[in-house]
Amino acid sequence: MAEYKLNTPLTDEDIEQLKAGDVVFLTGTIHSARDAAHKKLMELLDAGKELPFDLQGSAIYYVGPSPAPPGRPIGSAGPTTSYRMDTYAPRLHSLGMKASIGKGKRSDEVKAAMKEHKGVYFGATGGAGALLSNSIVESTVIAFDELGPEAIRAMKVKDFPLLVINDCHGGELYVKPDLDAALQ
Amino acid sequence: MREIQAADVVEAVAKMCIKANTELPQDVRNKFEQAMEEETSPSAKEVLRQLLENADLSKETKLPLCQDCGLAVFYIEVGDDCKVVGGNLRELINEGVRKGYDEGFLRKSACDPLTRANTGDGTPAVIHFDMVPGDKLKIAYMAKGGGAENMSRVTMLAPAQGWEGIKKFVVERVAEAGPNPCPPTVIGVGIGGTFEHAAKIAKKGLLRKLDDTNPDPEIAAKEKELEEAINKLGIGPMGLGGKTTVLGVKLTMEPCHLASLPLAVNVQCHSQRHEEVEL
C-alpha cells in the first residue's frame, strides 16, 4: 500500500500508478453529483448540450451535503452509496471522467469502463461527514440549484483522504463475504 | 386526564432531531472503542478511528455526524390517561421535525417518490402510534439514512423453513449488502405478525441500546447466534475486512398466522442515531 498526493485534473499517468488499497490525498477541484444530478447530466448529453463542468480529468464526488452552518463553507459531506450511479458512470468515464468518489460496491460495467478508459474508484469513509467536510475549503453550487442537496457543486478540496477501492488494472479492495464460514 | 401542551411536543421533537444527529450515543462509542481493540487489520482500525474523530468533531461543531440526516421515523406511545392539547399529535411531530431540521442545519431528504422533488422541510415523518396504559407520552425518534435502509428486506418464508431458514436469509442479506450500508451495522430482525408488522417490529428493535440483553433468554441466545454468524462474514468496517461487521442484532418475535412465517431485516448504519423522551 502506497500513499500519493494527487491534484486535479487527473491524468492517465496519475491513475495508472494506483493500486487497490493505496491511500490518496486529493487536492484541487472536484464536483458533487448524485442520483438526480446524474440523470440531468445524461439529458444534457443526449441533447448534445454542454455540461456544467469539464469532464476531462475530473473527479465526481457522490455526495449530498447537509446545509452549511454560519462560518463554514459546507455542512457534513460524506459519501453516498455509489451503486445508484452505476448506470451513468461508464458513459462519463468514456467522456473523460477519471475518478468517482463514494462508498460501496460497483457493477462489472463500471469496473470494465475503468479498465478501458483508465479510471479509478475511490472510497471515502461513510458516515464520517463532519470529518470529511474539514478537507473541503470552498463549495459553490454551479448547476441544478433546484435539486437542493443534490445540486452540482464545485468543491475545492485540500488533501481529501481517499482509499483506492477499484484500480484501472482490475484490482479491488472490498473483501468477499465468507458465507460458508457464517452458515457452517 | 393529564394534559400535555402542544408547544412541549414540538420543542421536544426538534431537540431530539438535533441531538440524535450530532451526538453519537455512548453505547455506540463504547462499541467502537471495543471493536478497535479487537480488530487486527490496520484499515479496520483506521475506519473506527475516523468514526470516533468524526463523533468528537460533531459534538464540538454541531455539524451532523453524517450528511444523510435520514428520513425522520417515530415510534410513539400514547398513555390512555393523557391527551395532547393545542394541536393534532401527528401535526405537532411534523412541526417539530421542520423546526429541528431547519435550526440544526440538518439535511432534508424527503422527496416525491416519482418526480423526486424534495418536500423542502424534511417532512412528512414516518410515525407509528401505539396506545399504552399510563399518563405519559413517549416519543422515540430515529434518523433512518437511505444507504442502510435500501439494504433492508422483507420476506414471507414457509413455516417449515424455521430458524435455519431465518438465519440463512438474515446472513445472506448482510453478505449481499456488503460495504454499501456503512458497516459495522446494527441489524433489526422482526419475525412474525404479518407482512407489514414484521417490518415495523424489526425497525422498532433498533431503538434498543447496543449493550442491553434481551430479557427473554431464548431470544437473547438467538441474537447472539446471528451476531456471531454475521461477524464471521469478515466484511468488517466499511467492507475493508475485519471482525466487526455488526455492532449488534436486535430480534423481536410475535405470533403469526399458522400458514405464515413473515421475516424482516432492517439495516441501520454504524451511527445508530436515535433518541427517546417521555413527556
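One line per chain: the protein sequences are W and P, in this order. Using the numbering used here, the letters of the first sequence map in sequence onto residues 190 to 373. Using the numbering used here, the letters of the second sequence map in sequence onto residues 1221 to 1499. We put the CB at the ideal spot given by N, CA and C, even for glycine. As the structure is a computational prediction, the values presented were derived from the model and not from experiment.
(Q) Tell me the rounded alpha-carbon separation between Arg280/W and Met286/W. (A) 9 Å
**Q.** Residues near Leu244/W in its chain [Cβ-Cβ closer than 7 Å; skip 5 each side]
**A.** Leu281, Leu284, Gly285, Met286
(Q) What would DSSP say about Lys1424/P, mapped onto helix, strand or coil? (A) helix
(Q) What does the alpha-carbon distance come out to for the pair Lys1239/P and Glu1495/P? (A) 8 Å
Q) According to the Cβ coordinates, are Met1376/P and Asn1400/P closer than 8 Å? A) no
Q. Looking at the structure shown, is Met1371/P part of a helix, part of a strand, or coil, going by DSSP?
A. coil
Q) Is Gln1488/P helix, strand or coil by DSSP? A) strand
Q: Would you mind reading off the limits of the alpha helix (DSSP H) that contains Met303/W?
A: 297-306
Q | Residues in the segment 1284-1300 of chain P having any Cβ partner in chain W nearer than 8 Å | A | Pro1284, Leu1285, Cys1286, Gln1287, Asp1288, Cys1289
Q: Out of Lys1429/P, Ala1380/P, Val1305/P, Val1487/P, point me to the one whose CA is closest to Cys1402/P's CA.
A: Val1487/P
Q | Residues near Thr1433/P in its chain [Cβ-Cβ closer than 8 Å; skip 5 each side] | A | Ala1440
Q: Can you tell me which of Gly267/W, Leu362/W, Ala332/W puts its alpha carbon nearest to the alpha carbon of Ala319/W?
A: Gly267/W
Q | the ligand HEM heavy atom lying under 7 Å from the CB of Ala1330/P | A | The ligand HEM is absent from the structure shown, which contains no ligand whatsoever.
Q) Is the CB-CB distance between Lys1356/P and Leu1244/P below 8 Å? A) no
Q) When DSSP labels each residue in this structure, what does Ile354/W get in the three-state scheme? A) strand
**Q.** Secondary structure of Ile1450/P, DSSP reduced to three states
**A.** helix
**Q.** Limits of the beta strand (DSSP E) - the one that Leu1460/P falls within
**A.** Neither: Leu1460/P is in no beta strand (DSSP E) and is coded neither H nor E.
Q. Going along chain P, which residues have a C-beta under 8 Å from Tyr403/W?
A. For chain W, the structure presents residues 190 to 373; residue 403/W sits outside this window and is missing.
Q) Quick one: is Thr216/W near chain P, going by C-beta distance under 8 Å? A) no
Q. Hey, Asp348/W and Ser324/W: beta-carbon distance below 8 Å or not?
A. yes
(Q) Looking at chain W, is there any beta carbon in it that lies within less than 8 Å of the beta carbon of Asn1486/P? (A) no
Q) Between the C-alpha atoms of Pro1435/P and Val1409/P, what's the straight-line distance to the nearest angstrom? A) 16 Å
Q. At a Cβ threshold of 8 Å, is Met1458/P touching chain W?
A. yes
Q: With a threshold of 16 other CB atoms inside 10 Å of the CB of Glu202/W, please say whether the residue is buried or exposed.
A: exposed
Q. What are the boundary residues of the beta strand (DSSP E) that includes Thr329/W?
A. 325-332
Q.
Can you look up Val1293/P in the DSSP assignment and give me helix, strand or coil?
A. strand
Q) Can you check whether the CB of Cys1237/P is closer than 8 Å to the CB of Gly1340/P? A) no
Q: Evaluate contact between the segment 330-343 of chain W and the segment 1290-1310 of chain P, counting only Cβ atoms and requiring at least three cross-stretch pairs below 8 Å.
A: no
**Q.** With 16 other Cβ atoms within 10 Å as the buried cut-off, status of Met1362/P
**A.** buried
Q: Output, in chain order, the set of chain W residues within a Cβ distance shorter than 7 Å of Thr1281/P.
A: Ala319
Q: Have a look at Pro1284/P and Gly264/W and give me their C-alpha separation to the nearest angstrom.
A: 8 Å
Q: Give the secondary structure of Gln1254/P by DSSP, where H, G and I count as helix, E and B as strand, and everything else as coil.
A: helix
Q) Quick one: Cα of Tyr1321/P to Cα of Lys1328/P, how far? A) 7 Å
Q. How many angstroms separate the CA atom of Leu1483/P from the CA atom of Asn196/W?
A. 49 Å
Q) Looking at the structure shown, is Arg261/W part of a helix, part of a strand, or coil, going by DSSP? A) coil
Q.
Less than 8 Å between the C-beta atoms of Asn1314/P and Arg1493/P, yes or no?
A. no
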